[in-house]
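Have a look at the structure below before the remarks.
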């Protein structure tokens, strides 16, 4: 029975859904690329480990990321990147973050990211060197490497906060941090709740995108007889996926709004325990790194 089922499935896959003609061996040999996809990306996944970083107040981690982001924006040098990278790496080591927590990046995004390196060398920033009839720039390549490392480092800092902080702790921490802005009549409670709600909805959106990509994989492959038709289908597919993702997001947002309205609307975030002694020590360490990142480049 299983052999008949497998043969029937193979006969269905071997025929084109457009004209029903048998597929050639070249068409049968085509397989979808294996490996991680966008649907395998899991942002803000909490890692339940008992560590000093997990026991820190959520506001301390948020303020630390903001301070590190500002100093790297003011002085994007290799010294700053090295100091901030050492601090983030030490935090990940102390937090006992496993290697499996790092999201798998799709191969397509990696290729598109690496394409920027040779394209950046087409600049005229010194030093330059000649290759045949083309002048390539090492200075532009160094800038590409520096800013790429800076972007990846900031993503790692944000990921460390997501790995060590539960989403339920964000709203009380933001409310306490933004409390001085209430003097200027800023709706602190609304801002805190909206920010925390956006963080919570991110995982729901990723789940919907994962379902969308799974449905795309189950869709039968349509054989395009001409090269132009294959090119048009290749360009049209991302547009269709984007429209479907927006539609799914709007539908999920409407359902969540109806559920929140049925439960009485948005509740005011409750006060959670504030910072303690370990938070003061952690923020002092961040302040030392920030000061070193600002002072050392001036001395050199």
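Residue numbers (the numbering used here): 2 to 301.
The C-beta atom is built at its ideal place from N, Cα and C for all residues, glycine as well.
All values derive from a computational prediction rather than experimental measurement.
For residue 130, DSSP records a beta bridge to 137. Inclusion of residue 95 and residue 53 in the CB contact set at 8 Å is warranted, their separation being smaller than that value.
With a threshold of 16 other beta carbon atoms within 10 Å, residue 121 meets it and is buried. Inside the stretch 101-189, DSSP marks whole beta strand (DSSP E) runs of 3 or more residues at positions 129-132, 135-138, from first to last along the chain. The shortest C-alpha to C-alpha distance from residue 63 to any of 296, 196, 248 is the one to 196. By the Cβ criterion, the stretch 161-172 is not in contact with the stretch 206-222, since fewer than three pairs of Cβ atoms, one from each stretch, lie closer than 8 Å. The three-state secondary structure of residue 47, taken from DSSP, is coil. In the three-state DSSP reduction, residue 98 falls in the coil class, being neither helix nor strand.
Where residue 54 is concerned, there is no enclosing alpha helix (DSSP H), because DSSP gives it neither an H nor an E.
Separation of the CB atoms of residue 65 and residue 287 is rounded to 5 Å, and the pair is thereby assigned contact status at 8 Å. Contact annotation, residue 189 with residue 179: C-beta distance approximately 5 Å; criterion of less than 8 Å satisfied. Taking a 10 Å sphere around the C-beta of residue 73, we find 16 or more other C-beta atoms and assign the residue as buried. The DSSP-derived three-state label of residue 220 is coil.
A residue is called buried when at least 16 other Cβ atoms come within 10 angstroms of its Cβ; residue 300 does not meet this threshold and is exposed. Taking the Cβ atoms as the reference, residue 81 lies roughly 39 Å from residue 254, outside the contact range of under 8 Å. In the structure shown, residue 70 adopts helical secondary structure according to DSSP, grouped into three states. With a contact defined as Cβ atoms closer than 8 Å, residue 126 and residue 102 miss out at about 38 Å. Excluding residues up to 5 positions away in sequence, nothing lies with its Cβ nearer than 7 Å to the Cβ of residue 143 in the same chain. Comparing C-alpha distances from residue 70 to each of 55, 88, 58 shows the shortest one belongs to 88. Secondary structure of residue 198 (DSSP, three-state): helix. Judged by DSSP secondary structure, residue 232 falls within the alpha helix (DSSP H) whose first and last residues are 228-263. Here the C-alpha atom of residue 100 lies approximately 36 Å from the C-alpha atom of residue 256.
Look at residue 81 here: in three-state DSSP terms it is helix. The continuous alpha helix (DSSP H) containing residue 298 extends over residues 278-300.
Approximately 30 Å separates the beta-carbon atoms of residue 46 and residue 145; this is outside 8 Å, ruling out the contact.
The Cβ atoms of residue 84 and residue 290 lie closer than 8 Å to each other. Going by C-alpha positions, residue 176 is about 23 Å away from residue 205.
Its chain contains 66 as the residues whose beta carbon lies nearer than 7 Å to that of residue 159, once the 5 sequence neighbours on both sides are disregarded; these appear in chain order. The C-beta of residue 227 has fewer than 16 other C-beta atoms within 10 Å across all chains shown, which makes the residue exposed.
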